[in-house]
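Worksheet for the structure shown next.
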Amino acid sequence: MGIKVLAFAGSPRRHGNSETLLDWVLDAMRKEPDVEVEKYPLTEINIAPCKGCNACEKLNTCVQKDDLVWVEQKIIDADIIILSSPIFCMGIAAQPKALIDRAQVFRSRKYVLKLPIVPPERKGKRIGIFLATAGQDWEYVFDAAIPSVKCLFNVIDVKNKDIRYLMVNNVDEKGAILEHPSAGKDAAALADEVITTMREMKRE
């Protein structure tokens, strides 16, 4: 049974440090014959900010008919969902934050309408990955982003224990991650661990 990987490159700047980190993970995953990868830069798709209208609590869909219409189904179908983002002003960038906020439709479906996000046989068999880079060298520079990411994965039925993180600080200039002593190896190792774990999940 194949593994579907859905990745979102969240930086407003293409091919920067966070997207490079994402590409390293995806390149390692693509080497596996049973893995299908789809990657979408959020700068190239249209996901507007959430209006906070709560219409999704009654309609089970968002009133804004932008690219979330088809992205939503891809999120449901994926086995592994990856989000990458740089850290701006101690938090997640605006583009991935818009995606997270629009995941309100999943929150309404799951907690208000009491409807399933994925079929019963796929519950507990999804993995989320958050990849982030930051220019600052502070250890706490990623702390504010993590709760938002956990919220996203929770509402799309990824358990906390099934979330993986790879966060690299002190890479400020574009391309700085290429000089990082371990980021490339860490990305490949993460990809290997996640694919191995997903195969085990699918066999259960």
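Read in this note's numbering, the sequence shown has 966 at position 109, and its numbers run on one by one without any break.
For each residue, glycine too, the CB sits at the ideal point set by N, CA and C.
By Cβ distance below 6 Å, which residues in the same chain neighbour ALA960 in space, the five residues on each side in sequence not counted? Contacts found: LEU1009, VAL1012.
Identify the continuous alpha helix (DSSP H) that holds ILE974 and give its terminal residues. Here ILE974 belongs to no alpha helix (DSSP H), and DSSP marks it neither H nor E.
Answer with buried or exposed for MET1055, where buried requires no fewer than 16 other C-beta atoms within 10 angstroms of its C-beta. It counts as buried.
Selection from MET947, ALA951, ILE932 that minimises the alpha carbon distance to VAL975: When each option's Cα is compared against that of VAL975, the closest is ILE932.
Three-way DSSP call (helix, strand, coil) for MET947 in this model: The three-state secondary structure of MET947, taken from DSSP, is coil.
Endpoints, beta strand (DSSP E) assigned at ARG1021: That run of the beta strand (DSSP E) goes 1020 to 1025.
Take CYS946 as the anchor and find which of TRP995, PHE865, ILE939, GLY981 has the nearest alpha-carbon. Shortest Cα-Cα distance from CYS946 to any of TRP995, PHE865, ILE939, GLY981 involves TRP995.
Using the Cβ count rule (16 or more neighbours within 10 Å means buried), how would you classify ASN917? In summary, ASN917 is exposed, with fewer than 16 beta-carbon neighbours lying within 10 Å of its beta-carbon over all protein chains present.
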